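> If you count the sequence shown from 1, position 35 lands on 35 in our numbering, and the numbers rise without skipping.
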Amino acid sequence: MTQELMTDELIRQRIRGLRLSRGWSLDNLAARCKLSASTLSRLETGHRRIALDQLVPIARALGTTLDALVESAGTRTW
Numbered sequence: 001m002t003q004e005l006m007t008d009e010l011i012r013q014r015i016r017g018l019r020l021s022r023g024w025s026l027d028n029l030a031a032r033c034k035l036s037a038s039t040l041s042r043l044e045t046g047h048r049r050i051a052l053d054q055l056v057p058i059a060r061a062l063g064t065t066l067d068a069l070v071e072s073a074g075t076r077t078w
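Rendered as structure tokens:
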């Protein structure tokens, strides 16, 4: 698996994990970040590529930073 694919998978897991830890459905997160639930589902499952213009509203809706979503697992300092 390439570094890019590993990073994509890590981001997908973080989005899903944060969403579930808040007890939110796809519809809840979709309403908060103004994306469709279908788009979020495809992002989480890898059926759609993740774009930066989607990550920013997702991070805001989840109450986290873009950096926290995209940083490599080995570079986390907190």
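Backbone N, C-alpha and C define an ideal beta-carbon position, used for all residues, glycine too. Predicted, not measured: the structure shown is a model, and the values here were computed from it.
So, residue 59 versus residue 52, is the Cβ gap smaller than 8 angstroms?
Against a cut-off of 8 angstroms, the Cβ pair of residue 52 and residue 59 comes out as no contact.
> Which two residues bound the contiguous alpha helix (DSSP H) that contains residue 26?
Taken as a continuous stretch (DSSP letters only), the alpha helix (DSSP H) holding residue 26 covers 26–33.
> Could you check what DSSP says for residue 71 in three-state terms: helix, strand or coil?
Residue 71 falls in the coil class under three-state DSSP.
> Is residue 78 buried or exposed, if buried means 16 or more other CB atoms sit within 10 Å of its CB?
In this predicted model, residue 78 has a pLDDT of only 45, less than 50, meaning its place in the structure is not dependable; the value taken from the coordinates is given anyway. Exposed: under 16 other Cβ atoms inside 10 Å.
> Rounded to whole angstroms, what is the Cα-Cα separation between residue 34 and residue 68?
Roughly 20 angstroms separates the two Cα atoms.
> How should residue 44 be labelled, buried or exposed, when 16 other C-beta atoms within 10 angstroms of its C-beta is the threshold for buried?
Its Cβ being crowded by 16 or more others within 10 Å, residue 44 is buried.
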